[in-house]
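> Residues 1 to 154 in the working numbering are what the sequence shown lists, from first letter to last. By construction, the Cβ of each residue, glycine as well, lies at the ideal position given by its N, Cα and C atoms. If you're wondering where the values come from, they're calculated on a predicted model, not measured in any experiment.
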Amino acid sequence: MHWTTHILVGAATGLMMKKPILSVPAGLTEHVIMDVIPHRDFQSRLGYILDTLIGIGIFTELIRFQKNSNASDAKAAVWGGISNALPDVELLLNLFEKLPREKRLFPTHNGTLPHGIEYLGMSSHVPIMLEAAATGISIFILGKRLKNSFERGA
Ligand SMILES: [Zn+2]
Numbered sequence: 001m002h003w004t005t006h007i008l009v010g011a012a013t014g015l016m017m018k019k020p021i022l023s024v025p026a027g028l029t030e031h032v033i034m035d036v037i038p039h040r041d042f043q044s045r046l047g048y049i050l051d052t053l054i055g056i057g058i059f060t061e062l063i064r065f066q067k068n069s070n071a072s073d074a075k076a077a078v079w080g081g082i083s084n085a086l087p088d089v090e091l092l093l094n095l096f097e098k099l100p101r102e103k104r105l106f107p108t109h110n111g112t113l114p115h116g117i118e119y120l121g122m123s124s125h126v127p128i129m130l131e132a133a134a135t136g137i138s139i140f141i142l143g144k145r146l147k148n149s150f151e152r153g154a
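1. Could you check if D35 belongs to the surroundings of ligand 1, using beta carbon to heavy atom distance under 6 Å?
2. Is there contact between the region 75–94 and the region 11–27, where contact requires at least three CB pairs shorter than 8 Å?
3. Take every Cβ of the region 14–28, pair it with every Cβ of the region 138–149, and state whether three or more of those distances are shorter than 8 Å.
4. Output the distance between the C-alpha atoms of N68 and S149, rounded to the nearest integer angstrom.
5. Runs of 4 residues minimum, wholly inside the region 54–109: which ones carry the alpha helix (DSSP H) assignment?
6. Starting from S23, trace the alpha helix (DSSP H) in both directions and tell me its first and last residue.
7. Does the Cβ of D51 lie closer than 6 Å to at least one heavy atom of ligand 1?
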């Protein structure tokens with residue numbers, strides 16, 4: 001899935017887990033699950049570049065949120081986002097230098113585990129809907145917590 005989606009889902013899960021030490025293994029595990037479920041990756045460099053910029057923007061906001069809040073759920077959100085997004089850094093580096101599939105480290109990137117089984121006899125709309133649902137649910141969870149922190153002044 002897209003890097004931005006990995007950051008959002010990892011952060012939302014970390015927020016719900018409330019413990020940074022648990023959000024790291026959860027984020028890495030989620031990355032595998034998200035890579036395996038049907039989805040489509042960008043077919044152009046422009047898509048990867050835009051996704052990377054949006055992800056960096058969201059991540060910057062998460063760090064600012066964490067700095068303004070000493071709550072452990074905010075730290076867990078940041079670590080969940082980092083751990084879920086980190087494996088895709090090796091794919092983003094492809095923008096600069098092609099890394100052969102067999103040299104990649106993460107199991108869903110080097111072929112050890114399947115990546116983005118796009119069509120399991122389903123409509124091409126299903127992968128888009130799955131990604132939209134993951135993104136939407138994560139934004140809802142994060143937005144609810146941010147709203148609460150603003151109301152509390154935390
Ligand atoms: Zn990946």
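The answer reads as follows:
1. Counted from its first residue, the sequence shown places residue 35 at position 35. Taken from the Cβ of D35, at least one heavy atom of ligand 1 lies inside 6 Å.
2. yes
3. yes
4. Walking along the sequence shown from the start, residue 68 turns up at place 68. Walking along the sequence shown from the start, residue 149 turns up at place 149. Cα to Cα, the separation comes out at about 9 Å.
5. 72–85, 89–92
6. As a first step, residue 23 must be located in the sequence shown, where it is residue number 23. 20–36 is the span of the alpha helix (DSSP H), which, as asked, contains S23.
7. As a first step, residue 51 is located in the sequence shown; it is residue number 51 there, counting from the start. D51 Cβ: outside cutoff for every heavy atom of ligand 1.
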